[in-house]
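Sequential numbering from 6 applies to the sequence shown in my numbering. Backbone N, C-alpha and C fix where the C-beta goes; we use that ideal spot for every residue, glycine too.
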Amino acid sequence: MSLMYPSSVEPSLVRGKSVPRIGRKKPESVDATVAIPGLFVTGTDTDVGKTAVATVLVRLVVAQGIRVGVYKPVASGVVYGQAGDKERLWEAAGRPLDAAAVCPQAFAAPLAPPHAARLEGRSVDEELLLSGLDPWLKTSDFLVVEGAGGLFSPLSENLLNADVARGIGLPLVVVDAARLGCIGRTLATCLAARSVGLEVAAIVLSHLHEDHGADASTPTSAAAIASAGAAALAVRLPGVAVTILGHGHGDFTPTLDWLALGRLSAGR
């Protein structure tokens, strides 16, 4: 699937020039951005710790007295009646607005959203992917948006996470799990993001499960991989903040100034 931004999508939250279609022209002319600072949390793949990273990030910013808006454009694999990503983000932000505003489109099947929607006889509303953010613009000082799946995973028939990230215009936080291959996966995602005009503000390597017994002290433990991976990525991507979210941690190591990172985009 080529990266495309349909001309019919004209979200009210975007100001400035229209977003050119990714892959059709160079991205230098991109000037689409929301009016307040924030970060778009994405990943190298699904199940790499995006929601854990986003919720800790949100709590840290809220603790500074900042009103944080939280938004997930679409979700799949939702078990109705059980707390999921939407509820975790909402709780972390202090329950602003209502939980439904966090993720206005959700589907049950654990598949890419357009396929999950099709199983329900529905389709992903492409305009709502962006315009669903509007209520948060009126009540928030800082935004944290969490994508679904990896940066280049499909969110609808025509749009990928990367398209929506470009439409929203916030700097990226790229998350990967601290397991073998994290350096290559993260580099590939960050370089691909830059190639389509997306700004990478930070990288987070997550190890959310505790290392046990002898495994905890080996070079293949999650903690060791995270430490080595973070060091390697910092060298290869100078200017990008790199940090780790470890098992049971309520903060990142090292700590980062998320408010400053959220203001990296031009015009802030």
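Secondary structure of residue i, DSSP reduced to three states
i	result
residue 50	coil
residue 74	strand
residue 19	Note that residue 19 scores 33 on pLDDT, short of 50, meaning its location in the model is unreliable and no value can be drawn from it.
residue 246	strand
residue 238	helix
residue 2	A query on residue 2 cannot be resolved here, the shown segment of the chain reaching from 6 to 273 and no further.
residue 205	strand
residue 223	coil
residue 211	strand
residue 260	coil
residue 267	coil
residue 287	Residue 287 is absent from the structure shown; the chain starts at 6 and stops at 273.
residue 14	Low local confidence applies: a pLDDT of 39 at residue 14 is under 50, so the model's placement there is unreliable, and no value is given.
residue 228	helix
residue 255	coil
residue 111	strand
residue 116	coil
residue 80	strand
residue 43	strand
residue 90	helix
residue 193	helix
Selection from the options that minimises the alpha carbon distance to residue i
i	options	result
residue 137	78, 47, 53, 49	78
residue 244	70, 141, 205	205
residue 86	97, 207, 112	112
residue 238	132, 207, 268, 223	207
residue 253	223, 60, 45	60
residue 82	142, 154, 150, 107	154
residue 39	172, 93, 109, 58	172
residue 177	165, 121, 266	266
residue 57	41, 256, 80	256
residue 164	233, 84, 120, 71	120
residue 80	110, 94, 65, 70	110
residue 251	144, 145, 231	231
residue 94	197, 203, 149, 268	149
residue 233	197, 262, 185, 203	185
residue 279	116, 70, 127, 41	Since the first residue of the chain shown is 6 and the last is 273, residue 279 is not available in this structure.
residue 70	127, 145, 240	145
residue 116	226, 197, 51	51
residue 92	127, 151, 65, 225	151
residue 156	118, 127, 197, 126	197
Chain D within 7 Å of residue i, Cβ atoms only
i	result
residue 243	Among the protein chains of the structure shown there is no chain D, as only one such chain exists.
Under 7 Å between C-beta atoms of residue i and residue j
i	j	result
residue 167	residue 201	yes
residue 235	residue 210	yes
residue 63	residue 97	yes
residue 247	residue 55	no
residue 169	residue 133	no
residue 2	residue 67	Not covered by the structure: residue 2. The range shown for the chain is 6 to 273.
residue 249	residue 260	no
residue 193	residue 212	no
residue 46	residue 147	no
residue 199	residue 49	no
residue 131	residue 158	no
residue 43	residue 142	no
residue 242	residue 195	yes
residue 107	residue 75	yes
residue 114	residue 102	no
Along the chain, which unbroken stretches of the alpha helix (DSSP H) at least 4 residues long are found entirely within the stretch 120-160?
-> The stretch 120-160 is shown to contain whole alpha helix (DSSP H) runs of 4 or more residues at 131-136, 139-142, in chain order.
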